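Below is one structure, written out as structure tokens, with a few remarks after it.
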């Protein structure tokens, strides 16, 4: 016959613990999804304050992952919701152009097509790789985590957007608007 402590562990503690973990996963998952939504809301390629993103590769490389004990359990990417980039990378000379990616072909000759640089980097793939890499830098002792990345070589251009994502998601998460 099971002792009272064993019965408590089996019938109350384990189901309650599993329920609590599932609820926490839902909250962290909502925060990761919110980060991608905020990135889409805040990105304005026509604004002079926004980062230059000629090909669209930088914007679609923004992704977020939710982690439990250092292992990602959900991953969201702007690349899953927005159209594909026009080109995989920028060449040195292309950094001076305005972001024709957002023009949707209103200019004569259709949308701007960027040439591929020497190093072939595709933002959505790079961001998924960075977030799912086993050495992601999130210790297993940190039970819950959300990580947001923009994984292209010129991602420093998105610094202001990434800070805005962090601030807005923190504000929304603390106000419980997203869960």
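Numbering (our numbering), first residue to last: 821 to 999. Backbone N, C-alpha and C fix where the C-beta goes; we use that ideal spot for every residue, glycine too. All values derive from a computational prediction rather than experimental measurement.
I'd like the list of long-range same chain contacts for residue i, defined as Cβ closer than 8 angstroms, with 5 residues on each side in sequence excluded.
| i | result |
| --- | --- |
| residue 959 | 890 |
Would a C-beta distance cut-off of 8 angstroms place residue i and residue j closer than the cut-off?
| i | j | result |
| --- | --- | --- |
| residue 881 | residue 944 | yes |
| residue 972 | residue 941 | yes |
| residue 970 | residue 982 | yes |
| residue 992 | residue 902 | no |
In terms of alpha-carbon separation, which member of the options lies closest to residue i?
| i | options | result |
| --- | --- | --- |
| residue 884 | 851, 957, 844 and 902 | 851 |
| residue 879 | 823, 985, 989 and 991 | 985 |
| residue 963 | 975, 901 and 893 | 893 |
| residue 859 | 996, 994, 993 and 988 | 988 |
| residue 863 | 994, 978, 990 and 991 | 978 |
| residue 896 | 952, 995 and 992 | 952 |
| residue 877 | 845, 947, 966 and 996 | 947 |
| residue 966 | 848, 826, 837 and 840 | 848 |
| residue 974 | 957, 995, 875 and 828 | 875 |
According to DSSP, is residue i part of a helix, a strand, or is it coil?
| i | result |
| --- | --- |
| residue 884 | strand |
| residue 974 | coil |
| residue 994 | helix |
| residue 944 | helix |
| residue 835 | helix |
| residue 953 | coil |
Can you name the residues that DSSP bridges to residue i?
| i | result |
| --- | --- |
| residue 966 | 886 |
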